[in-house]
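If you read the protein sequences in the order shown, they are chains A and B. For the first sequence, our numbering begins at 1 and goes up steadily by one. For the second sequence, our numbering begins at 1001 and goes up steadily by one.
2 protein chains.
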Amino acid sequence: MASPRRKPSDTEPSTTGAAKLHLTRFLPYRVSVLSNVVSHTVAKLYDKRFGITIPEWRIIAVLGGGETLSAGEIAQRTAMDKVQVSRAISRMLDSALILRESGDTDRRKALLTLTPKALAIYAEIVPLALAYEAQLTSALTEEESVQLDRLLIKLQAQADQLAVTPDPKNTP
Amino acid sequence: MASPRRKPSDTEPSTTGAAKLHLTRFLPYRVSVLSNVVSHTVAKLYDKRFGITIPEWRIIAVLGGGETLSAGEIAQRTAMDKVQVSRAISRMLDSALILRESGDTDRRKALLTLTPKALAIYAEIVPLALAYEAQLTSALTEEESVQLDRLLIKLQAQADQLAVTPDPKNTP
DNA sequence: TTGCAACAGTTTCAGATGAAACTAGCTTCA
DNA sequence: TGAAGCTAGTTTCATCTGAAACTGTTGCAA
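Structure (structure tokens):
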């Protein structure tokens, strides 16, 4: 059935001496798999009904309130890098979802606003997005949802830390 | 303080008539951002010290016990698609991390085993991976870790459901 | 048998990606 | 001023990716 060698009273310390690791219990793997499934599902939703990608959706989401932002500000708020934002914007210009005018004070900054067409998509897509989110969390109790919120905040903060400082011991 | 808008009795019904959506509170977005940061950090770790990618690491992880699996089985256990697995395997063949021999009974299935070189990487990498995971969860209490485990299981199950059946109402 | 559908794995193709180089506009300070 | 160095955003390049097409193998059924 399961484990071939029964006696861990090893005489051989090196061959399989290391700790074992089950991928399905490894947090980075689990988060990645969850994210993939969720993103894929959501991407299909957006693409099928509105013909937009997730980067485009994110831009619509942050500009949906009618605000005007620069590409850099969009990058910050959507956690995308500037290249991704630049490309999404150029697609959105083609499909008349966004309006670009260069700023008066600083002509490097482009001021970006959604077109009515994009605002209409926003109005339609938000309920769908929220419905999906609701379905996703429908398996959770109210209390668990609160826990999830707290855990995600903590994990994100810690992950950000570790991304900057890979190994504390190596940086004295 | 949780919910920001208490009174839905808004005075402006059409301009932003749709429900608003804050990206930073939208679960799919949050999971995606977390996954990106974690994956990126982990990928750097694996690449820098061992010159392997995450797909390769996953294959090493599932074969690390010394098992022999087919590519299809690896795909299942690593949640990668067969193309990804195929490509990772061909890279690993080049770098002598994996051994491939065609099966006796079914010559379509290739039997894959790690080489000693890969097992050595496994032995080295597992402690690093577990250390990263431990650092990631070090911000959580013991109880929170248990909660996280339960929440991830529930969310994954639900996400899988929704991936298969996008909208229950449309499938009578 | 042979014909055909199903399966394992690979390759192709077209698009997505990120790092680094690049362009253009702004700021600083000698 | 004006050279040097920022910053915003774009483009290039090399790689990665997933869907679909393809190759070779097996199983089944007429």
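Just so it is clear, CB atoms sit at the ideal spot from N, CA and C, and this is done for glycine as well.
Where T141/A falls: helix, strand or coil (DSSP): In the structure shown, T141/A sits in coil (DSSP, three-state: anything other than H, G, I, E or B).
Paired residues, beta bridge with R1100/B - DSSP: As a beta-bridge residue in DSSP terms, R1100/B pairs with L1112/B.
Helix, strand or coil at L1155/B according to DSSP, with G and I counted as helix: It is helical.
Within chain B, the residues that Q147/A reaches when beta carbons sit closer than 8 Å: Within chain B, the C-beta atoms nearer than 8 Å to that of Q147/A come from E1144, Q1147 and L1151, in chain order.
Selected residue, minimal CA-CA separation from L119/A, among R30/A, A61/A, L21/A and A43/A: Proximity to L119/A across R30/A, A61/A, L21/A and A43/A peaks at A61/A, based on C-alpha coordinates.
The alpha helix (DSSP H) enclosing T1041/B, as first and last residue numbers: Residue range L1027 to F1050 is occupied by the alpha helix (DSSP H) that includes T1041/B.
Neighbour list for T115/A in chain B, Cβ cutoff strictly below 9 Å: By Cβ distance, chain B contributes nothing, its closest Cβ being about 15 Å from T115/A, past 9 Å.
Length of the line joining the Cα atoms of Y122/A and W57/A: In this model, Y122/A and W57/A are separated by some 8 Å (Cα to Cα).
T137/A, buried or exposed, once every other Cβ within 10 Å from all chains shown has been counted against 16: Classification of T137/A: buried, given that the 10 Å Cβ count is 16 or more.
Cα-Cα separation between E1073/B and K1082/B, rounded to whole angstroms: Rounded to whole angstroms, E1073/B to K1082/B spans 10 Å at the Cα level.
Chain B contact residues for D160/A, given Cβ-Cβ distances below 7 Å: Those within 7 Å of D160/A in chain B are V1037.
8 Å Cβ cut-off: residues of chain A touching K1154/B: Going along chain A in sequence order, the residues near K1154/B (Cβ under 8 Å) are A139, L140 and E144.
Three-pair Cβ contact test at 8 Å for the stretch 1076-1093 of chain B versus the stretch 1025-1036 of chain B: They do not touch, by the three-pair rule.
Reference L21/A; option with closest CA among S1095/B, Y1132/B, L1097/B and L1093/B: Each of S1095/B, Y1132/B, L1097/B and L1093/B was checked against the Cα of L21/A, and the nearest Cα belongs to Y1132/B.
Beta bridge counterpart(s) of L1069/B as assigned by DSSP: L1069/B is bridged by DSSP to L1112/B.
Backbone secondary structure at D81/A - three-state DSSP: Correct three-state label for D81/A: coil.
Cβ contact (3+ pairs, closer than 8 Å) linking the stretch 98-106 of chain A and the stretch 1108-1118 of chain B: Between the stretch 98-106 of chain A and the stretch 1108-1118 of chain B there are fewer than three inter-stretch CB-CB distances shorter than 8 Å, so the stretches are not counted as touching.
Host alpha helix (DSSP H) of A1061/B (start-end): First-last of the alpha helix (DSSP H) with A1061/B: I1054 to L1063.
Spatial distance of I89/A from I59/A (CA atoms): When rounded, the distance between both Cα atoms is 8 Å.
Cut-off 7 Å between Cβ atoms - residues of its own chain near R77/A, not counting five sequence neighbours on either side: Leaving aside the five residues that flank R77/A on each side, the residues in its chain whose CB is nearer than 7 Å to its CB run, in chain order, V62.
Where I54/A falls, given that 16 or more other Cβ within 10 Å makes a residue buried: Looking at its Cβ environment, which holds 16 or more other Cβ atoms inside 10 Å, I54/A is buried.
CB-CB length for L1151/B against L140/A, believed under 8 Å: About 7 Å separates the two Cβ atoms, so the contact holds.
As assigned by DSSP and simplified to three states, the class of D1105/B: The displayed chain sequence assigns Thr, not Asp, to residue 1105/B. Reduced to three states, the DSSP call for T1105/B is coil.
Chain-order list of residues whose beta-carbon lies under 7 Å from that of L1045/B (same chain, five-residue window excluded): Excluding positions up to five away in sequence, the list reads L1128 and Y1132.
Local Cβ density within 10 Å of S1035/B, reported as buried at 16 or more and exposed below that: Result: buried.
Cα-Cα separation between L130/A and A1159/B, rounded to whole angstroms: Those two C-alpha atoms are separated by around 14 Å.
Contacts around G1064/B, its chain only, beta-carbon distance under 6 Å, and the 5 residues preceding and following it disregarded: Taking C-beta separations shorter than 6 Å and ignoring five residues to either side along the sequence, the partners of G1064/B in its chain run Y1122, following chain order.
Neighbourhood of L23/A by C-beta, 6 Å cutoff - its chain only, sequence neighbours within 5 removed: So the list reads Y29, once near-sequence residues are dropped.
C-alpha gap between M1080/B and S39/A, whole angstroms: For the pair M1080/B and S39/A, the Cα-to-Cα distance works out to about 15 Å.
Chain-ordered neighbours of F26/A on chain B, where CB pairs are closer than 9 Å: Under the 9 Å cutoff, chain B gives A1061, A1129, L1130 and E1133.
Cα-Cα separation between L1155/B and T105/A, rounded to whole angstroms: Rounded to whole angstroms, the separation of the alpha carbons of T105/A and L1155/B is 47 Å.
Collapsed DSSP secondary structure at A1019/B in the structure displayed: It is coil, neither helix nor strand.
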